[in-house]
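Undergrad: Here it is: the structure, laid out below.
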Amino acid sequence: MKKSVNIILIIFIVLVLAAFTAGIVFLVQRAGNETAAEEETEDIIPEIDETQEASFQEEVPEIADDIRDYQYDLELKLDVNTMTMDGVLDFTYYNNNSIPMDELVFYLYANSFEKEEYHAVEEEYFYLGYPEGFSPGRIDIESVDIKGGGSYEITGSQNHLLKLKLDEPVEPDDRTQINMHYTVTIPRCEGRFGYGEQTISIANCNPIMAVYDEETGYYEYEYNNIGDPFFSECADYTAKITIQKEYIVAPTGTIMGKMYDGDWATYSIDAENRRDFAFVASDDFKVATDKVNGVTVNSYSFAMDSVNERALEAGINSIEAFSSAFGQYPYDTFNVVQTNFYIGGMEYPGMVMIGSSFYAPFYTDIMEMIIAHEAAHQWWYAQVGNDQIAEPWLDESLATFSERVYYEHVYPDEYKSKIMRYVDSSFIEDNNDMELMETRIDLNTLEYGEEYSLVVYGFGGWMMDDLRDKLGDDMFFEAIKTYRENNLFQLATRQSLEEAIEEVTGEDITPWFDENLKIQVGN
Numbered sequence: 002m003k004k005s006v007n008i009i010l011i012i013f014i015v016l017v018l019a020a021f022t023a024g025i026v027f028l029v030q031r032a033g034n035e036t037a038a039e040e041e042t043e044d045i046i047p048e049i050d051e052t053q054e055a056s057f058q059e060e061v062p063e064i065a066d067d068i069r070d071y072q073y074d075l076e077l078k079l080d081v082n083t084m085t086m087d088g089v090l091d092f093t094y095y096n097n098n099s100i101p102m103d104e105l106v107f108y109l110y111a112n113s114f115e116k117e118e119y120h121a122v123e124e125e126y127f128y129l130g131y132p133e134g135f136s137p138g139r140i141d142i143e144s145v146d147i148k149g150g151g152s153y154e155i156t157g158s159q160n161h162l163l164k165l166k167l168d169e170p171v172e173p174d175d176r177t178q179i180n181m182h183y184t185v186t187i188p189r190c191e192g193r194f195g196y197g198e199q200t201i202s203i204a205n206c207n208p209i210m211a212v213y214d215e216e217t218g219y220y221e222y223e224y225n226n227i228g229d230p231f232f233s234e235c236a237d238y239t240a241k242i243t244i245q246k247e248y249i250v251a252p253t254g255t256i257m258g259k260m261y262d263g264d265w266a267t268y269s270i271d272a273e274n275r276r277d278f279a280f281v282a283s284d285d286f287k288v289a290t291d292k293v294n295g296v297t298v299n300s301y302s303f304a305m306d307s308v309n310e311r312a313l314e315a316g317i318n319s320i321e322a323f324s325s326a327f328g329q330y331p332y333d334t335f336n337v338v339q340t341n342f343y344i345g346g347m348e349y350p351g352m353v354m355i356g357s358s359f360y361a362p363f364y365t366d367i368m369e370m371i372i373a374h375e376a377a378h379q380w381w382y383a384q385v386g387n388d389q390i391a392e393p394w395l396d397e398s399l400a401t402f403s404e405r406v407y408y409e410h411v412y413p414d415e416y417k418s419k420i421m422r423y424v425d426s427s428f429i430e431d432n433n434d435m436e437l438m439e440t441r442i443d444l445n446t447l448e449y450g451e452e453y454s455l456v457v458y459g460f461g462g463w464m465m466d467d468l469r470d471k472l473g474d475d476m477f478f479e480a481i482k483t484y485r486e487n488n489l490f491q492l493a494t495r496q497s498l499e500e501a502i503e504e505v506t507g508e509d510i511t512p513w514f515d516e517n518l519k520i521q522v523g524n
């Protein structure tokens, strides 16, 4: 996710003044039209050509093939009149561990929105997340059917964990099936999960498997409002999403078809190798579409057409720039989605949510920067995952650095000024406003205070730029590509990055990181 809210608000105010005074430098932090023919038969979405595959798309390496992906098959029915969603999950669990497994743990992030004291939205920005006052969201588990029998309980400090006890342990290299029925209550919240005036965001609210480590057990993180509180493995998803027919759905996968039944429409979604599944729905969306390198890029927006086209252009340029620099984009589609979202931007595999406030004509340069940052997460999060709570810098520093790559690629004659204006200037100002302190770039999210975004995004991005200067362009980009290839659709750590650099350079890079992850913030 991008940009901490406090910086976005400050810069937002600066931009408003700039728009009406004299073209002051923008300082911001990271923070078609699918008309449905009414038929009673299946309607394949026109931009999807199922007879062709993007010629550039790569095979998953053998090391990734050895890890069998979990399979999530979802059937979801969202009723916009009640703002509830009925869900059925058929889940196939593969035991990729070396020991039998008699317990499975799922996150129920939606329950972290049930009580105000859980602070799913920062208290300081409560009025932005809940513009009409606190509104609870939750997930009610109706039933869990475990192949071979078993029991379940909902636990955790926020009732955010679903723990299954299996009567028949799953042996290594074996599998089992789980079926869940549940109901989701959608809050009036303009965060990742909730609804606003124009959009409904169904993100981080379906059950998702927790990461397991044979030495430490399951990671049982709470949902928190600092950074991205998520840690998950890649899996294969299918989804059937039923919603009132006037609504358009923008998902984290490829829309394979749509079927109508009276007042309802059902979308069929396919999404392989995704770290999560989410979608945004609206009855106001207009869709602009184009292709680059065989990838269908869609911009879903309720802004004026020229702004929507600018968002589409930024999406296309991002896929083109980052594919060239880091390795090809692996999915068939990339969806850029205008969303009632106070944080600014948020990444999901194959889809990014961009705050609607940046879709005003005089903010499109800022919108472009946020789209580029979120698109970079299609490499540093979606393709190469990591523990975003324990090592938030690992994806955010690379994503912030990738903004520099974007401007160099798209604006070769003026990239330095654009990088200063849209990437560096806000961090420089924030640093000048901070009190002097010694800290590190590689802390756990909960170890930071208000300096989180400055340190993880700003200093982290500058550190990656320094590494580029140290190695030189050829070795640096070869090392980054190697890091991606070695960890494609897997979970990486700092050590994974160091190993990729050492593989290319033959140099022990650990001492350099030890030194450069230590920083001084403030004047």
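Count along the sequence shown from 1, then add 1; that gives the number in my numbering. Positions of the beta carbon are idealized from the N, C-alpha and C atoms, including for glycine. Note that the structure is predicted; figures quoted are calculated from it, not measured.
Measuring straight from C-alpha to C-alpha, what distance separates Asn98 and Thr243?
TA: Numbered from its first residue, the sequence shown carries residue 98 at position 97. Numbered from its first residue, the sequence shown carries residue 243 at position 242. So the two alpha carbons sit approximately 36 angstroms from each other.
Undergrad: By alpha-carbon positions, which one of Asp264, Arg311, Tyr248, Ala272 ends up nearest to Ile256?
TA: The count along the sequence shown starts at 1 and reaches residue 256 at position 255. Here the closest residue by C-alpha is Ala272.
Undergrad: Beta-carbon separation of Asn225 and Phe92 under 9 angstroms?
TA: Within the sequence shown, numbered from 1, the residue matching residue 225 stands at position 224. Within the sequence shown, numbered from 1, the residue matching residue 92 stands at position 91. Cβ atoms of Asn225 and Phe92: not closer than 9 angstroms.
Undergrad: Using DSSP with H/G/I as helix, E/B as strand and the rest coil, what is Asp174?
TA: Along the sequence shown, one-based indexing puts residue 174 at 173. In the structure shown, Asp174 sits in coil (DSSP, three-state: anything other than H, G, I, E or B).
Undergrad: Taking C-beta to C-beta, are Gly88 and Leu105 nearer than 9 angstroms?
TA: Locating residue 88 in the sequence shown gives position 87, where the first residue counts as 1. Locating residue 105 in the sequence shown gives position 104, where the first residue counts as 1. No, the pair does not count as a contact, with Cβ atoms beyond the cut-off.
Undergrad: Between the alpha carbons of Glu508 and Ile502, how many angstroms are there, rounded?
TA: Numbered from 1 along the sequence shown, position 507 holds the residue referred to as residue 508. Numbered from 1 along the sequence shown, position 501 holds the residue referred to as residue 502. If I take the Cα positions, the gap works out to 8 angstroms.
Undergrad: Taking the alpha helix (DSSP H) that Gln496 falls in, what are its first and last residues?
TA: Looking up residue 496 in the sequence shown gives position 495. Counting along the chain, the alpha helix (DSSP H) containing Gln496 begins and ends at 495-506.
Undergrad: I think Arg405 touches Leu518, with their Cβ atoms under 8 angstroms apart; what is that distance to the nearest whole Å?
TA: Here residue 405 refers to the residue found at position 404 of the sequence shown. Here residue 518 refers to the residue found at position 517 of the sequence shown. Not confirmed; about 19 angstroms, so no contact.
Undergrad: Can you give the beta carbon distance from Val250 to Phe280, rounded, assuming they're within the 8 angstroms contact cut?
TA: On the sequence shown, position 249 is the one that residue 250 refers to. On the sequence shown, position 279 is the one that residue 280 refers to. Right, the Cβ-Cβ distance comes to about 5 angstroms (below 8 angstroms), so this counts as a contact.
Undergrad: Throw me the rounded Cβ distance for the Ser283 and Gln199 pair, which I believe falls under 8 angstroms.
TA: For this step, residue 283 is matched to residue 282 along the sequence shown. For this step, residue 199 is matched to residue 198 along the sequence shown. Correct: roughly 5 angstroms between the Cβ atoms.
Undergrad: From Glu348 to Thr340, what distance separates their C-alpha atoms?
TA: The residue labelled residue 348 in the question sits at position 347 within the sequence shown. The residue labelled residue 340 in the question sits at position 339 within the sequence shown. So the two alpha carbons sit approximately 12 angstroms from each other.
Undergrad: For Leu489 versus Asn387, is the C-beta distance shorter than 9 angstroms?
TA: Position 488 of the sequence shown, counted from the start, is the residue given in the question as residue 489. Position 386 of the sequence shown, counted from the start, is the residue given in the question as residue 387. No; because the gap between Cβ atoms is not below 9 angstroms, this pair is not in contact.
Undergrad: Comparing C-alpha positions only, which one of Tyr332, Gly138, Met102 sits nearest to Tyr119?
TA: Mapped onto the sequence shown, residue 119 falls at position 118. Nearest Cα to Tyr119 within the set Tyr332, Gly138, Met102: Gly138.
Undergrad: Sort Lys417, Phe303, Asp214 by Cα distance to Ala361 and report the nearest one.
TA: Taking the sequence shown and counting its residues from 1, one reaches residue 361 at position 360. When each option's Cα is compared against that of Ala361, the closest is Phe303.
Undergrad: Would you verify that the beta carbon of Ile147 is, or is not, closer than 9 angstroms to some beta carbon of chain D?
TA: The structure shown has no chain D; it contains just one protein chain.
Undergrad: Among residues of its own chain, excluding the 5 on either side of Gln384, which ones have a beta-carbon nearer than 7 angstroms to its beta-carbon?
TA: Counting from 1 along the sequence shown, the entry for residue 384 is found at position 383. Excluding the 5 residues flanking it on each side, Gln384 has same chain C-beta neighbours closer than 7 angstroms at Pro331, Arg485, Leu489, Phe490, in chain order.
Undergrad: Is Asp515 helix, strand or coil by DSSP?
TA: Counting from one through the sequence shown, the residue named residue 515 turns up at place 514. In the structure shown, Asp515 sits in a helix (DSSP, three-state: H, G or I).
Undergrad: Excluding sequence positions up to five away, which residues of its chain have a Cβ less than 7 angstroms from the Cβ of Tyr222?
TA: Taking the sequence shown and counting its residues from 1, the one referred to as residue 222 is at position 221. Around Tyr222: Pro230, Phe232, Ile390.
Undergrad: Pick helix, strand or coil for Leu399, following the three-state DSSP scheme.
TA: As a working note, residue 399 is residue 398 in the sequence shown. Three-state result, Leu399: helix.
Undergrad: How would you write the range of the beta strand (DSSP E) that Leu90 sits in, first residue to last?
TA: For this step, residue 90 is matched to residue 89 along the sequence shown. First-last of the beta strand (DSSP E) with Leu90: 85-95.
Undergrad: Helix, strand or coil: how does DSSP classify Asn387 here?
TA: For the purposes of this step, residue 387 is identified with residue 386 of the sequence shown, where counting begins at 1. In this structure, Asn387 counts as strand in the three-state DSSP scheme.
Undergrad: What are the uninterrupted segments assigned as beta strand (DSSP E) that are 3 or more residues long and contained completely in the stretch 139-219, given in chain order?
TA: 139-147, 151-156, 162-171, 176-186, 201-203
Undergrad: Grab me the residues of Asp214's own chain with a C-beta within less than 8 angstroms of its C-beta, minus the 5 sequence neighbours each way, in chain order.
TA: Counting from one through the sequence shown, the residue named residue 214 turns up at place 213. Counting only Cβ-Cβ distances below 8 angstroms, and skipping sequence neighbours, we find Tyr220.
Undergrad: How many whole angstroms separate the CB atoms of Gly228 and Tyr453, which I take to be in contact at a CB cut-off of 8 angstroms?
TA: Translated into positions along the sequence shown, residue 228 becomes position 227. Translated into positions along the sequence shown, residue 453 becomes position 452. With a Cβ gap of about 7 angstroms, Gly228 and Tyr453 count as contacting.
Undergrad: When burial is assigned at 16 or more other CB atoms within 10 Å of the CB, is Tyr128 buried or exposed?
TA: Start at 1 with the first residue of the sequence shown, and residue 128 comes out as number 127. In summary, Tyr128 is exposed, with fewer than 16 beta-carbon neighbours lying within 10 Å of its beta-carbon over all protein chains present.
Undergrad: Can you list, in chain order, the residues of its chain whose CB lies under 8 angstroms from that of Tyr153, leaving out five sequence neighbours each side?
TA: Position 152 of the sequence shown, counting from 1, holds the residue named residue 153. The residues are Ile142, Val145, Ile147, Leu163, Lys164, Leu165, Lys166.
Undergrad: State the Cα-Cα distance for the pair Gly473 and Lys419, rounded to the nearest angstrom.
TA: Taking the sequence shown and counting its residues from 1, one reaches residue 473 at position 472. Taking the sequence shown and counting its residues from 1, one reaches residue 419 at position 418. So the alpha carbons of these two residues sit roughly 22 angstroms apart.
Undergrad: Use the C-beta contact count for Glu247: other C-beta atoms within 10 angstroms, 16 or more gives buried, fewer gives exposed.
TA: Translated into the one-based positions of the sequence shown, residue 247 becomes position 246. Exposed, by the Cβ-count rule.
Undergrad: What first and last residue would you give for the beta strand (DSSP E) that runs through Met354?
TA: As a position in the sequence shown, residue 354 is number 353, starting the count at 1. Residues 352-356.
Undergrad: Measuring alpha carbon to alpha carbon, tell me which residue in Arg276, Pro413, Val308, Gly263 is nearest Met352.
TA: In the sequence shown, the residue the question calls residue 352 occupies position 351. Measuring from the Cα of Met352, the nearest candidate turns out to be Arg276.
Undergrad: Using CA coordinates, which residue listed in Ala240, Glu369, Asn433 is at the minimum distance from Tyr408?
TA: Within the sequence shown, numbered from 1, the residue matching residue 408 stands at position 407. Among Ala240, Glu369, Asn433, the Cα nearest to that of Tyr408 belongs to Glu369.
Undergrad: Taking the straight line between their C-alpha atoms, what separation do you get for Val26 and Ser403?
TA: Stepping through the sequence shown from its first residue, residue 26 is reached at position 25. Stepping through the sequence shown from its first residue, residue 403 is reached at position 402. Its pLDDT being 34, under 50, Val26 is placed unreliably in this model, and the value from its coordinates should be taken loosely. Their Cα atoms are separated by approximately 21 angstroms.
Undergrad: Cα-Cα, which of Met421, Asp414, Gln329, Pro413 is closest to Ala1?
TA: With the chain covering only 2 through 524, there is no way to say anything about residue 1.
Undergrad: Take the Cβ of Gly254 as the centre, count every other Cβ of all protein chains shown within 10 Å, and call the residue buried at 16 or more, exposed below.
TA: Here the question's residue 254 lines up with position 253 in the sequence shown. Result: buried.
Undergrad: Can you find at least 3 beta carbon pairs, one from the stretch 312-320 and one from the stretch 290-303, that sit closer than 8 angstroms?
TA: yes
Undergrad: Count the other C-beta atoms from every protein chain shown that fall within 10 angstroms of the C-beta of Lys417, then say buried if there are 16 or more, exposed otherwise.
TA: Taking the first residue of the sequence shown as position 1, residue 417 is located at position 416. Label assigned to Lys417: exposed.
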